[in-house]
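Heads up, the sequence shown stops at 635 in our numbering, and the numbers go up one at a time, no gaps.
Just so it is clear, CB atoms sit at the ideal spot from N, CA and C, and this is done for glycine as well.
Just so you know, these numbers come straight off a predicted model, no measurement behind them.
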Amino acid sequence: MAVGLWVAWAVALCGPALALQGGMLYPQDTPSRERKDLGGLWDFRADFSEDRNQGFRERWYQRPLRESGPVLDMPVPASFNDMGQDRKLHDFIGWVWYERQVLVPQRWTQDQGTRVMLRINSAHYYAIVWVNGVHVAEHEGGHLPFEADISKLVQYSSGELSRITIAINNTLTPHTLPPGIIEHKTDTSRYPKHYFTQKTEFDFFNYAGLHRSVFLYTTPISYIDDITITTDIDQGTGLVNYEIAVKSNENFDVELLLRDKEGRVVAKGMGVRGQLEVPNAQLWWPYLMHEQPAYLYSLEVTLVVQTGAGIVSDVYTLPVGIRTVKVSRNQFLINGKPFYFQGVNKHEDADIRGKGFDWALVMKDFNLLRWLGANSFRTSHYPYAEEVMQLCDRYGIVVIDECPGVGIKTPENFGNVSLSHHLEVMEEMIRRDKNHPAVVMWSVANEPASWLEPAAYYFKTVIAYTKDLDPTRPVTFVSNSQADIDQGDPPLMFSEEYQTSMLQQYHLALDQKRRDYVIGELIWNFADFMTEQSPLRVIGNKKGIFTRQRQPKGSAFLLRERYWKIANETMYPHLAVTPQYLKNHFVYSLV
45 MAVGLWVAWA VALCGPALAL QGGMLYPQDT PSRERKDLGG LWDFRADFSE
95 DRNQGFRERW YQRPLRESGP VLDMPVPASF NDMGQDRKLH DFIGWVWYER
145 QVLVPQRWTQ DQGTRVMLRI NSAHYYAIVW VNGVHVAEHE GGHLPFEADI
195 SKLVQYSSGE LSRITIAINN TLTPHTLPPG IIEHKTDTSR YPKHYFTQKT
245 EFDFFNYAGL HRSVFLYTTP ISYIDDITIT TDIDQGTGLV NYEIAVKSNE
295 NFDVELLLRD KEGRVVAKGM GVRGQLEVPN AQLWWPYLMH EQPAYLYSLE
345 VTLVVQTGAG IVSDVYTLPV GIRTVKVSRN QFLINGKPFY FQGVNKHEDA
395 DIRGKGFDWA LVMKDFNLLR WLGANSFRTS HYPYAEEVMQ LCDRYGIVVI
445 DECPGVGIKT PENFGNVSLS HHLEVMEEMI RRDKNHPAVV MWSVANEPAS
495 WLEPAAYYFK TVIAYTKDLD PTRPVTFVSN SQADIDQGDP PLMFSEEYQT
545 SMLQQYHLAL DQKRRDYVIG ELIWNFADFM TEQSPLRVIG NKKGIFTRQR
595 QPKGSAFLLR ERYWKIANET MYPHLAVTPQ YLKNHFVYSL V
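In structure tokens form, the structure reads like this:
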């Protein structure tokens with residue numbers, strides 16, 4: 045069992061690392077914007093043809109999908125793999141087709157000053173989108189959002205249904221992120237004709253489908269395209285640096301109001317860039333590091349446009365946490381105070397829904413994190429849903445934000461084609477998550493084959509592209525390896541008792557070093573998760589401290605005791621913590 049594990053890190057301590065083109069603000073309802081959630085049942089069909097291209101040959105996108113042949117009702121968001129009893133669908137590799145007919149609100153379609161957008165928050169892996177048979181978008185990458193302006197396609201369609209068709213291909217190649225290869229089995233004495241398998245070098249199941257929300261949303265024709273926030277602190281005064289990107293062909297003004305939790309205006313600004321000063325600012329602190337963690341202000345940005353027809357405005361509200369992040373010698377500092385990462389590595393994974401977003405599951409996980417005394421997690425091995433990042437801001441859970449750079453093991457994975465896509469994915473991830481106070485670090489890869497000759501140039505380029513601070517500072521981070529478990533006494537390998545004993549040995553070593561140079565420990569893994577079938581994995585990876593159904597194992601109780609003890613020693617000794625204090629302030633305690 046390896047102790048160190050991880051990762052090629054880019055310590056980009058959250059700021060505008062890139063000159064990004066175009067924003068990706070999360071859709072919201074404001075006085076000038078509306079959104080329509082397209083979650084629910086969609087028509088679904090997998091293309092089981094030998095070359096997986098029947099849908100394109102027959103142009104399934106040109107007419108209702110039901111007219112092409114049999115369809116299934118498929119929930120969105122969800123992975124399609126576990127929705128039936130057909131193993132062919134569970135293991136399917138190739139093109140699948142989703143379709144939904146939508147009635148666009150009349151007020152959206154008849155107003156020439158309204159821009160109608162279609163946003164897909166996650167389609168794994170490669171997606172092509174049509175609206176009423178017209179191609180509107182393509183996107184590569186399964187974990188980040190993309191969108192298309194469909195205003196002209198739905199104008200004057202009052203009372204008529206608009207048909208949204210999405211084709212998704214989950215095939216992984218040496219140049220995708222994560223990478224994979226297709227192996228064609230040509231021995232007809234052992235395999236059926238045209239039989240192939242998908243081979244990958246990562247240890248989780250390659251779930252596919254529309255994993256997150258699909259939205260229609262509106263903005264005015266002149267609109268706020270992007271907002272970039274960085275924060276600092278000067279002797280108790282919070283500094284909020286802002287840059288607003290606007291799309292408009294007219295003269296405009298930008299007004300900003302920063303409100304506290306009670307709605308009081310604490311700072312005002314004008315223009316597309318500047319700095320707001322907040323005297324005696326309430327800072328954003330991690331969970332268990334302050335008696336009032338995760339304080340969020342609201343930045344209300346208003347665009348006022350002078351047009352020939354009068355004044356048009358667009359309003360967007362962004363949560364803002366005022367905090368600083370720095371690396372100083374052998375410490376990781378949040379708001380100038382040492383922060384010790386005590387948390388987990390996770391997966392977006394659960395029974396039936398696969399990697400599909402589910403509010404009940406998300407809230408269960410967050411309640412377990414707080415029960416555990418965890419203050420952080422890594423988004424292994426891909427960016428998680430935006431709603432999860434928003435909750436981390438809200439609850440004070442610190443995030444190491446990881447791109448899908450897992451399974452990078454062959455020289456071909458390090459070529460220029462792969463590098464170009466890797467940079468594009470990093471750019472999309474930072475564009476989406478740059479304003480979250482919970483995000484303190486970018487992870488550029490997990491366990492790559494760094495010993496291969498092209499790896500040094502490859503990761504030097506990626507890190508240079510993403511860094512804000514010097515990534516060579518001497519800090520050490522440990523992601524604990526765990527043992528797959530069953531039950532047994534004495535504690536033999538693969539037993540739950542062995543898992544607990546193994547952790548106890550890790551903790552002895554960590555306690556010797558965490559005051560010198562170790563700045564954190566994240567357990568692998570939060571919960572059991574599904575993998576490809578193999579003799580080494582009996583229905584998934586069992587290294588979680590919780591089962592896949594989120595029931596705690598013995599190791600969860602051991603870790604809970606440890607994390608609360610560390611928090612009491614290192615995070616808030618100044619609070620004179622008592623059991624009653626913990627019960628009153630943090631709810632999830634040892635009490």
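- Annotation for Arg96: Gly138, Trp139 place their beta carbon closer than 6 Å to its own, counting only its chain and skipping 5 residues before and after.
- By DSSP's assignment, Asn585 forms a beta bridge with Phe573.
- By the criterion of a C-beta distance shorter than 6 Å, Thr544 is surrounded in its chain by Gly598, Ser599, Leu602, once the five residues flanking it on both sides are discounted.
- Counting along the chain, Ser462 sits inside the alpha helix (DSSP H) bounded by residues 460-477.
- When the Cα atoms are used, Trp328 and Gly365 turn out to be separated by approximately 5 Å.
- Across the set Ser233, Trp152, Gln375, Trp403, the C-alpha of Trp152 shows the shortest separation from the C-alpha of Pro264.
- Ser420 and Arg414 have their C-alpha atoms some 10 Å from each other.
- In the structure shown, Phe601 falls within a helical segment according to DSSP collapsed to helix, strand and coil.
- Within the same chain, Cβ atoms closer than 7 Å to the Cβ of Pro121 are found at Gly83, Leu254, His255, Arg256, Ser257, Gly400, Phe401, the five residues on either side in sequence being excluded.
- In the three-state scheme derived from DSSP, where H, G and I count as helix and E and B as strand, Ala289 is classed as strand.
- Inter-residue distance for Gly282 and His480 is about 16 Å (C-alpha atoms, whole angstroms).
- A distance below 9 Å separates the beta carbons of Tyr170 and His183.
- Taking 8 Å as the upper bound for CB-CB distance, Phe573 and His391 are in contact here, some 4 Å apart.
- Around the Cβ of Gly451, a 10 Å sphere holds 16 or more other Cβ atoms; the residue is buried.
- Judged by DSSP in its simplified three-state form, Val432 adopts helix.
- Buried is the label assigned to Asp437, since at least 16 other Cβ atoms lie within 10 Å of its Cβ.
- Counting along the chain, no alpha helix (DSSP H) covers Val115, and no H or E run does either.
- In this structure, DSSP gives Tyr509 a helical state, which the three-state scheme calls helix.
- When only Cα atoms are considered, Glu497 and Thr510 end up about 22 Å apart.
- Boundaries of the alpha helix (DSSP H) harbouring Tyr542: 540-557, taken from the DSSP string.
- Short of 6 Å from the beta carbon of Gln98, and not among the five residues preceding or following it, lie these beta carbons of its own chain, in chain order: Asp91.
- Glu143 and Phe259 have their C-alpha atoms some 14 Å from each other.
- Membership of Trp486 in any alpha helix (DSSP H) is not indicated; the residue belongs instead to the beta strand (DSSP E) covering 483-490.
- A straight line joining the alpha-carbon of Thr423 with that of Gly449 spans about 12 Å.
- Excluding sequence positions up to five before and after Glu287, its CB lies within less than 6 Å of the CB of Thr272, Arg317, all in the same chain and listed in chain order.
- By the CB criterion at 9 Å, Ala211 and Gly186 fall outside the cutoff.
- Per DSSP, His179 is one residue of the beta strand (DSSP E) stretching across 178-184.
- For Pro455, the closest of Met470, Tyr502, Pro119 by C-alpha to C-alpha distance is Tyr502.
- In the structure shown, Asp297 adopts extended strand secondary structure according to DSSP, grouped into three states.
- In terms of CA proximity to Pro579, Asp247 leads the group Val298, Tyr200, Leu116, Asp247.
- The shortest CA-to-CA distance from Ile226 to any of Arg234, Glu245, Thr209 is the one to Glu245.
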